[in-house]
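One structure is given below, encoded as structure tokens.
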Amino acid sequence: MPISATPRPSGSPGNQPAVTNGKALAVVTTIFFMWGFLTCLNDILIPHLKAVFELNYAKAMLVQFTFFGTYFLMSLPAGRLVAALGYKKGIVAGLVIAGIGALGFWPAAELRVYGAFLGALFVLATGITVLQVAANPYVALLGPEQTSSSRLTLAQALNSLGTAIAPIFGGMLILSNTAMSGEQIAALPAAEQLAYRTAEAHAVQGPYVGLAVALVLLALFVFLFRLPALNDTTEQADQGHQHSYLDALRKRHLLLGVLGIFFYVGAEVSIGSFLVNYLSMPTIGGFSEQEATHYVSAYWTMAMIGRFAGSALLARFSPSRLLAIFALVNVGLLALTMMTSGNVALYSVVAIGLFNSIMFPTIFALSIERLGPLTSKGSSLLIMAIVGGAVVPYLQGVLADHIGVQASFILPLLCYGYIIFYGLVGARAPAAGTQGG
18 MPISATPRPS
28 GSPGNQPAVT
38 NGKALAVVTT
48 IFFMWGFLTC
58 LNDILIPHLK
68 AVFELNYAKA
78 MLVQFTFFGT
88 YFLMSLPAGR
98 LVAALGYKKG
108 IVAGLVIAGI
118 GALGFWPAAE
128 LRVYGAFLGA
138 LFVLATGITV
148 LQVAANPYVA
158 LLGPEQTSSS
168 RLTLAQALNS
178 LGTAIAPIFG
188 GMLILSNTAM
198 SGEQIAALPA
208 AEQLAYRTAE
218 AHAVQGPYVG
228 LAVALVLLAL
238 FVFLFRLPAL
248 NDTTEQADQG
258 HQHSYLDALR
268 KRHLLLGVLG
278 IFFYVGAEVS
288 IGSFLVNYLS
298 MPTIGGFSEQ
308 EATHYVSAYW
318 TMAMIGRFAG
328 SALLARFSPS
338 RLLAIFALVN
348 VGLLALTMMT
358 SGNVALYSVV
368 AIGLFNSIMF
378 PTIFALSIER
388 LGPLTSKGSS
398 LLIMAIVGGA
408 VVPYLQGVLA
418 DHIGVQASFI
428 LPLLCYGYII
438 FYGLVGARAP
448 AAGTQGG
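Each residue of the sequence shown is one higher than the one before, starting from 18 at the first, in the numbering used here.
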């Protein structure tokens, strides 16, 4: 079933009309802000738990491994949940699950067991996965198809705002006390060591319990708000047919879009992960690690700025062509940073954040065009592909060990090369009424 140019709101109680799509979009973008906030808070959680449990870097990175791994493991179950509940109730379910996960940080702190924190984080990330599966296609479908990329980019800009605010919030409430080194802790009497570790573990309780309350209240607000149901684009509108994920992958533009999300997220996360080490190199910036973090912040802030600007551009120009142009610019910037040194190499790699801005929402919106009742399954597969954020950085690390950090940027360069192909060729959805992919 092709998606109509302007999906008709359905599911409003009685004869009361549903709210306008503009108001619905405003409500849903608050959800994008919240999951951006929760995702970036991991960057504060990692050093905190590393200090509390005296972890090495590999064990501390289990926080990110757990978080990104959840996307891979739970995207398909999340898709089945959203297909059964519909978008609105799926969003409510995701918020409640994330709230339960955030609340789990309270007993984890009481137990002072690292595995308990990872367990709570898994539940929290499961809720965010459900939100991703439900909210991304909902925003894309909440209006004319030709402006879906613009709407989703605007919503993702609010996600970026959450990532910008979370470190400040976490720094004030979680990292407010100066962490003691292992040697300093060992020099304390046993009773004081226990008291210190208990206090540090409990530092996460208040912020995460507060987030749990906020998530549940937001879920209640969304539940009571008469959002357009858009049931004509879920399997609820096609009860006579059982669709499989293979049916969705037969749509060529979706299959290629899944690869696009994998390579894009992989490239974005990989570049961000290497920036501190790269900018600390004497031939690039020669900064201390603390100084280099300011440029990492600039990298992500530019992505937020680009999403606000990109939302306007996508409403006027072809999303697929704009995607290809932005990816081509990033290929050029990566080539420039690989072949130069000093300020040229520094500013060219940081500028990549600006052109990353429209990529995720545009690939997502293009990939789910004309999927009809397969939309929730397509959304699940696209969210599952976020696992690229775990795979590509690891592979670039292997390359960096053998050929150096600067030369290893050839891997994200190739990832952007694929996105050029997707924008020019792979994003073409089948015409309305056709059966093929």
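A virtual CB, placed ideally from N, CA and C, is assigned to each residue, including glycine. If you're wondering where the values come from, they're calculated on a predicted model, not measured in any experiment.
When the beta-carbon positions are compared, GLY179 and ALA151 stay at least 8 angstroms from each other. Only exposed fits GLY132, as fewer than 16 other CB atoms lie within 10 angstroms of its CB. The C-beta distance from ALA320 to SER374 rounds to 5 angstroms, short enough to meet the 8 angstroms contact threshold. For LEU296 and ALA181, the gap between their C-alpha atoms comes out near 21 angstroms. Rounded to whole angstroms, ARG267 and PRO299 show a C-alpha spacing of 49 angstroms. Look at SER305 here: in three-state DSSP terms it is coil, with no helix or strand label.
As the crow flies, the alpha-carbon of PHE242 is around 9 angstroms from that of VAL44. Selection ILE437, ILE48, LEU431 and ALA95 evaluated against TYR262 yields ALA95 as nearest (Cα-Cα). If you look at ILE369, you'll find it in the alpha helix (DSSP H) that goes 369-373. A residue is called buried when at least 16 other Cβ atoms come within 10 angstroms of its Cβ; PRO124 does not meet this threshold and is exposed. Under the DSSP assignment, SER92 falls in the alpha helix (DSSP H) whose first and last residues are 79-102.
Annotated as proximal: SER92 and SER397, with beta-carbon spacing under 8 angstroms. When the Cα atoms are used, LYS106 and PRO245 turn out to be separated by approximately 11 angstroms. Between THR379 and PRO429, the C-beta spacing is not below 8 angstroms.
Take PHE70, set aside five residues on each side of it, and the residues of its chain with a beta-carbon closer than 7 angstroms to its own are TYR131, in chain order. The continuous alpha helix (DSSP H) containing VAL150 extends over residues 131-158. Under the 8 angstroms Cβ criterion, the stretch 417-429 does not count as touching the stretch 337-345, having fewer than three qualifying pairs. A straight line joining the alpha-carbon of SER305 with that of ILE369 spans about 21 angstroms. Sequence-distant Cβ neighbours of ALA382 in its own chain, meaning closer than 6 angstroms and more than five residues away, are ALA157, SER165, SER166 and LEU169. Under the three-state reduction of DSSP, VAL221 is assigned to coil, being neither helix nor strand.
Relative to the Cα of TYR281, the nearest Cα in the group LEU399, VAL293, ASP264 and ALA417 belongs to LEU399. The residue among PHE372, GLY359 and TYR312 with its C-alpha nearest the C-alpha of GLY327 is PHE372.
Here the alpha carbons of ASN347 and VAL233 stand approximately 40 angstroms from one another. The straight-line gap separating the alpha-carbon atoms of SER393 and ALA212 is approximately 48 angstroms. C-alpha of ALA344 to C-alpha of PHE122: approximately 39 angstroms in a straight line.
Boundaries cannot be given for PRO206, as no alpha helix (DSSP H) includes it and DSSP labels it neither H nor E.
The Cβ neighbour count for GLU308, taken over all protein chains shown within 10 Å, is under 16; the residue is labelled exposed. Bounds of the alpha helix (DSSP H) holding TYR295 are 269-297. Scanning its chain for C-beta atoms nearer than 6 angstroms, with the 5 sequence neighbours on each side dropped, one finds around VAL286 the residues GLY406 and PRO410, in chain order. Nearest in C-alpha terms to ALA77, of all of GLU162, PHE134 and ALA352, is PHE134. Counting every other CB atom within 10 Å of its CB across the protein chains shown gives LEU363 a total of 16 or more, marking it as buried.
One thing to note: LEU388 has its Cβ within 8 angstroms of the Cβ of ALA265. For TYR439, no alpha helix (DSSP H) run applies, since DSSP gives it neither H nor E.
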